[in-house]
Amino acid sequence: MDEKLKILEMIENGKITAKEGMDLISALEGDKSLAVKKETVSPGMSKKYLKIRVDSDRDEMKTVNVNIPLRVAKLATKFMNLVPKAARDEMAENGINIEDLNLDEIIDALEEDMEAMKLVDVKGDGVNVDIYIE
Amino acid sequence: MIENKSWFILVKVDTGKKFKIKLPIPIYVCTELFYSLEGLTLLADLALPRLMTSKAYEEVFGSGFGFYNTLQTITDLFEALQESGSFSLVDIDSNDVKVSIRFI
Chain W
1 MDEKLKILEM IENGKITAKE GMDLISALEG DKSLAVKKET VSPGMSKKYL
51 KIRVDSDRDE MKTVNVNIPL RVAKLATKFM NLVPKAARDE MAENGINIED
101 LNLDEIIDAL EEDMEAMKLV DVKGDGVNVD IYIE
Chain D
135 MIENKSWFIL VKVDTGKKFK IKLPIPIYVC TELFYSLEGL TLLADLALPR
185 LMTSKAYEEV FGSGFGFYNT LQTITDLFEA LQESGSFSLV DIDSNDVKVS
235 IRFI
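Residue numbers (the numbering used here), protein chains in the order written: chain W, 1 to 134; chain D, 135 to 238.
Okay, structure coming up:
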């Protein structure tokens, strides 16, 4: 806002023409929209995590916190090839075909959603499990 | 951008009085190590299917398995972790042991 005011003052004082001022304002707005676009689109800037929190009253395990960056979670699709054939067959018998799972699309959708989202919330016998995107 | 990268994997294990370890592992060392194994994995991909019967190979590694591809995936994983900057990957707190893995 300050920059725009300065440009208008420069026009008022006759330092630049109205057309030059208009060009400067356009350039200013262009830069800002470019900066916003970079912030939202660039995958390198994504700071969302898949967070797993386990809190337990039990003595053997009190808390487990796992934070997985979503961009790292995307690589999970590549690890599908490492699932043993026997396990794949067993999953297929139960109607789950891991080759049909499109994790990339799911993670892209989670990444685009700007608000924090709770995926799983389980409260059991002295154990709470939360899985969420933040 | 350099400031968005992490440089070390800091592994901390604390079992109270018995055992305590704080181990910073440079990520570049890991990725370079994986790069240096590329030749070996290519050789393994070439040799093992010929040295083993196809049934034995499938039983041990699975039909779609390849050493080179697996190594590439692990290298990609490390690069993605490094690009994610500083963060805590795992924190486990129990009565006997505390374990934390952080990227710093």
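Glycine residues also receive a C-beta, built at the ideal position from the N, C-alpha and C atoms.
Quantities reported herein were computed from a predicted structural model and do not represent experimental measurements.
Contact between Ala214(D) and Val72(W) holds: their C-beta atoms lie close to 5 Å from each other, under 8 Å. Under the Cβ distance rule, Met61(W) counts among the residues neighbouring chain D, one pair being separated by less than 9 Å. Glu172(D) is not a Cβ neighbour of Tyr191(D), given a cutoff of 9 Å. A Cβ of chain W is located within less than 9 Å of the beta carbon of Gly196(D). A Cβ-Cβ distance of about 6 Å is found for the pair Phe212(D) and Cys164(D), placing them in contact under the 8 Å criterion.
Within 8 Å of the CB of Lys51(W), no CB atom of chain D is found; the nearest one sits about 10 Å away. Contact annotation, Leu110(W) with Leu70(W): C-beta distance approximately 6 Å; criterion of less than 8 Å satisfied. For Lys85(W), the residues of chain D that pass the 9 Å Cβ criterion are Glu192, Glu193, Gly196, Ser197 and Gly198, in the order they occur in the chain. Burial state of Lys19(W) is exposed, judged by a 10 Å Cβ sphere holding fewer than 16 other Cβ atoms. In the three-state reduction of the DSSP assignment, Ser26(W) falls in the helix class, which pools H, G and I.
Distance check between Ala116(W) and each of Ile133(W), Leu101(W), Glu90(W) and Glu9(W) places Ile133(W) closest, using alpha-carbon atoms only. Val145(D) places its beta carbon 9 Å or farther from that of Val231(D). Against Asp148(D), chain W offers no close residue; the least beta-carbon distance is about 14 Å (beta-carbon pairs closer than 7 Å).
Ranking Lys152(D), Asn229(D) and Arg236(D) by CA distance to the CA of Ile68(W) puts Arg236(D) first. If you look at Ser170(D), you'll find it in the alpha helix (DSSP H) that goes Ile161 to Ser170. If you draw a straight line from the Cα of Glu60(W) to the Cα of Leu177(D), it is about 45 Å long. Contact residues of the segment 65-81 of chain W toward chain D are Asn65, Val66, Asn67, Pro69, Arg71, Val72, Leu75, Lys78, Phe79 and Asn81 (C-beta to C-beta distance below 7 Å).
One finds Thr63, Val64, Asn65, Val66 and Asn67 in chain W with Cβ atoms closer than 9 Å to the Cβ of Asp225(D), taken in chain order. Contact annotation for Leu215(D) against chain W: Pro69 and Val72 [CB-CB distance below 8 Å, chain order]. Residue pairing by DSSP leaves Ile7(W) without any beta bridge partner. In the three-state reduction of the DSSP assignment, Met117(W) falls in the strand class. Contact of Phe221(D) with chain W by beta-carbon distance below 8 Å involves Tyr49, Asn67 and Pro69. Sorting Glu29(W), Ala92(W), Ser56(W) and Ile7(W) by C-alpha distance to the C-alpha of Val122(W) places Ser56(W) at the top. Around Pro158(D), the same chain offers Phe142 and Leu144 as residues with beta carbons nearer than 6 Å, after the five sequence neighbours per side are excluded.
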